[in-house]
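In this note's numbering, the protein residues as written are 6 to 347.
Structure (structure tokens):
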């Protein structure tokens, strides 16, 4: 069965990544592409690497005829997504890649994103889009809220450990390195080549990064008590990829065993042999996440390292994975492409 797909925000990096993945999907057909700032342009002119694909001309989202379209990927900025999604027809299934429906509490959204929730009436139907942990709810959902890419990486590195009680909850430190594409495609002075290359910097220091809202929500619910991780992201001069290093208290072998058990049947989560750690090179352009565990020289401490591609498993690949479930397709459809190395 062919499913007709629309993408809003198709001129951004996540929009382009969606198209790259859908190009090899056996049952998705792109019926409409919207990018209000580039309406009237061809995708070949916006993203020349996609010129081999036969794609619709970009239009404004208001111009789309929704009749016959089964699912919409919304790759718009936060705040804009809420305003647009509330106007979309009710028959439409929606996967939102923005932050607008990730936080279940509208007050938490206002706190972390600095503006009031513009579609509170829809928040209750949104399902958090971390596929491996919300699979059954996603199957039945009309609206799925994609996770933050940093939030996804940190949760893959910590959720099984919190759930199984193999680590202490009061001293979790999460250090994260991410590529520049995670900041989006819009022009920013600090992302100019001369400003970014040959260096690295921490940002969102001291508990100000917005993805902490997701960690607080998900870890606290999982543990049944308040959990607050210490989290610092760093921006590296690489195009794509995230490497998360978690420092935890617990027995390293038991931690590794918890991952092996939790992820044994997960097609996209690879647990490395004990003592090995992953690289962003090993997951580039793929929907895989690699996880390694090493014991620390300090007894009772361990180090967990997780790597994924922020544009794929951290965003657009996750979105396609969720769309597959929502439309009754094989969860891995269009997503088994091997990482690109070197």
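Ideal Cβ placement from N, Cα and C applies to all residues, glycine included.
| Query | Result |
| --- | --- |
| Residue 44 versus residue 21: straight-line alpha-carbon distance, rounded | 15 Å |
| Residue 34: first and last residue of the uninterrupted beta strand (DSSP E) it sits in | 33–39 |
| Where residue 273 sits in the DSSP three-state scheme | coil |
| Straight-line Cα distance separating residue 204 from residue 13 | 34 Å |
| Residue interval of the beta strand (DSSP E) (run including residue 306) | 306–313 |
| Beta bridge counterpart(s) of residue 232 as assigned by DSSP | Paired residue(s): none; residue 232 is not in a bridge. |
| Residue span of the alpha helix (DSSP H) that contains residue 90, given as start and end | 85–90 |
| Whole-angstrom distance between residue 274 and residue 158, CA atom to CA atom | 11 Å |
| Residues bridged to residue 180 (per DSSP) | 237, 250 |
| Paired residues, beta bridge with residue 8 - DSSP | 33 |
| Inter-residue Cα distance where the pair is residue 309 and residue 300 | 9 Å |
| Per-residue DSSP class, three states only, for residue 286 | helix |
| Simplified DSSP assignment, three categories, for residue 79 | strand |
| Boundaries of the alpha helix (DSSP H) in which residue 18 is found, first to last residue | 18–27 |
| For residue 321 and residue 24, the rounded distance between their alpha carbons | 9 Å |
| Pairwise C-alpha distance: residue 313 and residue 291 | 8 Å |
| Residue 86 and residue 105 closer than 8 Å at C-beta | yes |
| Residue 206 - partner residues in DSSP beta bridges | 240 |
| C-beta atoms of residue 167 and residue 227 nearer than 8 Å | yes |
| As assigned by DSSP and simplified to three states, the class of residue 98 | strand |
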